[in-house]
Amino acid sequence: MSLFNFESMSVNYAMLGIIGVLTIASLLVFILTKKNPQKNYKELVLRIKSWWFIIAFFSLMVFAQVKIAIFCIAFVSFLAFKEYLSLIPIRKSDHRVLFWAYLSIPIQFYIISTGWYQLFIIFIPVYVFLFLPFRTVLIGDTNDFLANIGRIQWGLMTTVFSMGHLAYLLMLDPSKNLAGGRSGLLIYVVALTQFNDVAQYCWGKSIGKHKIIPKVSPNKTWEGFLGGVATTSALSVLIAPYLTPITFPASLFIGFLLGAAGFVGDVNISALKRDIGVKDSGTLLPGHGGILDRIDSLSYTAPIFFHFVDYFFYK
Amino acid sequence: MIKTLFFTFLVAPIIKIVLGLSIKNRDRLPEKGPAIIIANHNSHLDTVALMCLFPLFFVKNVRPVAAADYWTKNKLITWFANNFIGVIPIKRKNDGTNKEDLLAPILEVLKQNKIVIYFPEGSRGNPEEMVQFKKGISHLAMNAPHVPIIPVFLYGLGKALPRGEGLLVPFICDVNIGAAKFWSGDKDQFVKDLQETINQLGSETRNFEKDKDSIYFG
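Right, here's the structure in full:
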């Protein structure tokens, strides 16, 4: 069994395409900084640099054998959950409850790696959901009990349960995806989600006028949202045949769904940050902020995409 | 050698990956000794976290000052403290010996151009609660007036491993590094200045500022 798998040509081309796009972006930024040395492009340069790190790590998820890929996704989940806990108010008395919450991460991803779908889908929403309040009760601190068990469970659902769906995409039967093989679905949903973020930003920056949700995210506009969704849907129709078993009308619909869900995931984390009173969720990815800032949209698109494609194309 | 290996394969992965450091003003960290790093003290992990700020090959030149009564309790602890951490044991209580003699081992290490870690609070105290700095740091600075003192504010390690808790829970820890200070000539004023500097570094630390007013703090 080899460590890496380059069997699906379209997956190889897709990764090359992504690297190509990033190379062009890097060159553009390089030219910009040379042409306007008086302007400050530090943020943009850092952002591009972080993208290279992200792509390098993502390549590992795409090309490494399944167990290693799942481990990498589990690691991202862990980093996101840790960032979330470092951000929110935490009771000192919940120290040991948090230990068990962390422990659910390796268990959840181990379950995924065994392909036991029924347990994967109920472990966090049922068993962890029932266990953590019990552990909290044993400690006996009832001060703000509801708020605290709610906060911890919400974090697990967003950063572990949702992100786990990305890992389970790798466990779906590859013989049903002749074009994309094992990693096709993963690269498709992650690339489209990230592309959608950028597209919505670009449309909003260039023609955005009508604010869509000013109380949560003042820079989001209807023009940005609709332009992004349209561009994402177009790209989806274009690449779906090469990476997924999704056929034409469905690929248009899923493009639309990913664009819309990505937006909701994004403003969801924006609302969280606004509630806590921070601008970035962390400092792990210079130029982007924290890891939650990068996977916010994925926390919505991953489960929605998974269940759509699983129901219509893998049953 | 054994210290470098210990930090490379055990301490640094725990501090940098399991916990994670969010470092502000990294460029203020000295690249070579002699220097004194001072910080607020909340957790057993403070010392190793400060050591992990330096490149791994450099860690052998960073030596924390520690209470002799704790680190020379038995042979095993002493052996560990000497070989794995490289502590400079000093007596916590003044039992008649004059102050200069107490600090002599630290001055000796500074003379070898090493970096010394010193906690002016003396003990760890309650998680994330800073107590008055003791005057020891003033005596040390007075005897080493040309050595830069770099104040560092740490936040989060007390949440990850509070006092009296054996179980480590991952939290991202904030490190804010201040500009170097030198002995100013007045003992009381110097201690006060350092304390204020660290308080100031704390107020620039987002998570600390945010949690400070929370009902769960402290």
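As they're listed, the protein sequences go chains Y and V.
Numbered by this note's numbering, the letters in the first sequence go through residues 273 to 587 in order.
Numbered by this note's numbering, the letters in the second sequence go through residues -19 to 198 in order.
Beta carbons are placed, not taken as given, at the ideal position from N, Cα and C, and that holds for glycine.
What you are looking at is a predicted structure, and each value in this text was computed from that prediction instead of being measured.
9 angstroms is my cut-off, CB to CB: does residue i come that close to chain Y?
i: V:Lys(-4); result: no
i: V:Asn187; result: yes
i: V:Asp191; result: yes
i: V:Ser23; result: no
i: V:Gly136; result: yes
i: V:Pro142; result: yes
i: V:Ser118; result: no
Starting from the beta carbon of residue i, find every residue of chain Y whose beta carbon is closer than 8 angstroms, and list them in chain order.
i: V:Leu147; result: His367, Arg368 and Phe371
i: V:Ser183; result: Per Cβ cutoff of 8 angstroms: no residues; V:Ser183 is ~15 angstroms from chain Y at best.
i: V:Ser194; result: Pro361
Run through chain V and tell me which residues come within less than 7 angstroms of residue i, C-beta to C-beta.
i: Y:Ile291; result: Simply none; closest approach about 26 angstroms.
i: Y:Pro486; result: Near Y:Pro486 there are no residues of chain V at all, since even the closest Cβ is about 24 angstroms away, more than 7 angstroms.
Can you find a C-beta in chain V that's less than 9 angstroms from the C-beta of residue i?
i: Y:Phe350; result: yes
i: Y:Val495; result: A quick correction: the sequence has Glu, not Val, at residue 495 of chain Y. No, because no Cβ of chain V sits closer than 9 angstroms to the Cβ of Y:Glu495.
i: Y:Gly387; result: no
i: Y:Pro405; result: no
i: Y:Ile362; result: yes
Give the residues of chain Y in contact with residue i, contact being defined as C-beta atoms less than 7 angstroms apart.
i: V:Pro150; result: Lys354 and Tyr374
Can you pull the chain V neighbours of residue i, defined as C-beta to C-beta under 9 angstroms?
i: Y:Ser358; result: Gly0, Ser2, Gly136, Lys139, Pro150, Phe151, Ile152, Cys153, Asp154 and Asn187
Tell me where the alpha helix (DSSP H) around residue i begins and ends.
i: Y:Ala471; result: Gly456 to Ile479
i: Y:Ile421; result: Phe417 to Leu428
i: Y:Ile217; result: The first residue shown for chain Y is 273 and the last is 587, placing residue 217 of chain Y beyond what the model contains.
i: Y:Arg611; result: Here chain Y covers residues 273 to 587 and nothing more, so residue 611 of chain Y does not appear.
i: Y:Val369; result: His367 to Thr386
i: V:Ile70; result: Per DSSP, V:Ile70 belongs to no alpha helix (DSSP H); it is in the beta strand (DSSP E), Ile68 to Ile70.
i: Y:Ile291; result: Met281 to Lys307
i: V:Ile(-6); result: First-last for V:Ile(-6): undefined, no H or E at that position.
i: V:Val149; result: Careful: V:Val149 lies outside any alpha helix (DSSP H) and carries neither H nor E.
Check for me: the beta strand (DSSP E) holding residue i runs from which residue to which?
i: V:Tyr4; result: Note on identity: in this sequence residue 4 of chain V is Lys, with Tyr being the wrong assignment. Unbroken beta strand (DSSP E) run through V:Lys4: Leu1 to Lys4.
i: Y:Tyr583; result: No beta strand (DSSP E) holds Y:Tyr583; the alpha helix (DSSP H) holding it covers Leu570 to Phe585.
i: V:Ala19; result: Ala15 to Ala19
i: V:Val42; result: Val42 to Ala47
i: V:Pro131; result: Ile129 to Tyr135
i: V:Asp154; result: Cys153 to Ile157
With a threshold of 9 angstroms between beta carbons, is residue i in contact with chain C?
i: Y:Arg363; result: The structure shown contains no chain C; its protein chains are Y and V.
Review point. Which residues, in chain order, does the segment 306 to 329 of chain Y contribute to contact with chain V at a C-beta distance below 7 angstroms?
Key: Within the segment 306 to 329 of chain Y, no residue has its Cβ closer than 7 angstroms to any Cβ of chain V.
Exercise for review: Indicate whether the contact test is met: 3 or more Cβ pairs, each with one atom in the segment 408 to 419 of chain Y and one in the segment 452 to 471 of chain Y, closer than 8 angstroms.
Suggested key: In the pairwise beta carbon analysis, the segment 408 to 419 of chain Y is classified as not touching the segment 452 to 471 of chain Y: fewer than three pairs are separated by under 8 angstroms.
Practice item. Would you check if the segment 145 to 164 of chain V and the segment 120 to 136 of chain V touch, i.e. whether three or more CB-CB distances between them fall below 8 angstroms? Key: As far as the Cβ criterion goes, the segment 120 to 136 of chain V touches the segment 145 to 164 of chain V, which means the pair count is three or higher.
Check your understanding: Are three or more beta carbon pairs between the segment 326 to 345 of chain Y and the segment 439 to 451 of chain Y nearer than 8 angstroms?
Key -> Judged by Cβ distances under 8 angstroms, the segment 326 to 345 of chain Y makes contact with the segment 439 to 451 of chain Y, as three or more pairs qualify.
**Study point:** Interfacial residues, the segment 528 to 558 of chain Y to chain V, with Cβ spacing under 8 angstroms
**Key:** Residues Ile548, Gly549, Val550, Gly554, Thr555 and Leu556.
Practice item. Flag this pair as touching only if the segment 427 to 435 of chain Y and the segment 343 to 357 of chain Y have three or more C-beta atom pairs under 8 angstroms; answer yes or no. Key: Because the criterion of three Cβ pairs below 8 angstroms is met, the segment 427 to 435 of chain Y and the segment 343 to 357 of chain Y touch.
Review point. For the 8 angstroms Cβ check, are there 3 or more pairs between the segment 166 to 183 of chain V and the segment -16 to -3 of chain V?
Key: With fewer than three CB-CB distances shorter than 8 angstroms, the segment 166 to 183 of chain V does not count as touching the segment -16 to -3 of chain V.
Check your understanding: Is the number of C-beta pairs between the segment 523 to 538 of chain Y and the segment 568 to 582 of chain Y that are closer than 8 angstroms three or more?
Key -> The segment 523 to 538 of chain Y is in contact with the segment 568 to 582 of chain Y.
Point to revise | Given 8 angstroms, three or more beta-carbon pairs between the segment 515 to 534 of chain Y and the segment 478 to 488 of chain Y | key: Contact between the segment 515 to 534 of chain Y and the segment 478 to 488 of chain Y is not established, with fewer than three Cβ pairs separated by less than 8 angstroms.
Practice item. Would you check if the segment 81 to 101 of chain V and the segment 38 to 49 of chain V touch, i.e. whether three or more CB-CB distances between them fall below 8 angstroms? Key: Enough Cβ pairs lie closer than 8 angstroms, so yes.
Exercise for review: Pair every Cβ in the segment 53 to 73 of chain V with every Cβ in the segment 84 to 93 of chain V, then say whether three or more of these pairs are closer than 8 angstroms.
Suggested key: In this structure the segment 53 to 73 of chain V touches the segment 84 to 93 of chain V; the number of beta carbon pairs closer than 8 angstroms is three or more.
Review point. Touch check for the segment 139 to 148 of chain V and the segment 5 to 17 of chain V: three-plus C-beta pairs under 8 angstroms?
Key: Contact between the segment 139 to 148 of chain V and the segment 5 to 17 of chain V is absent, because fewer than three Cβ pairs lie under 8 angstroms.
Review point. Are the segment 506 to 513 of chain Y and the segment 521 to 528 of chain Y in contact at 8 angstroms, needing three or more beta carbon pairs?
Key: A contact exists between the segment 506 to 513 of chain Y and the segment 521 to 528 of chain Y.
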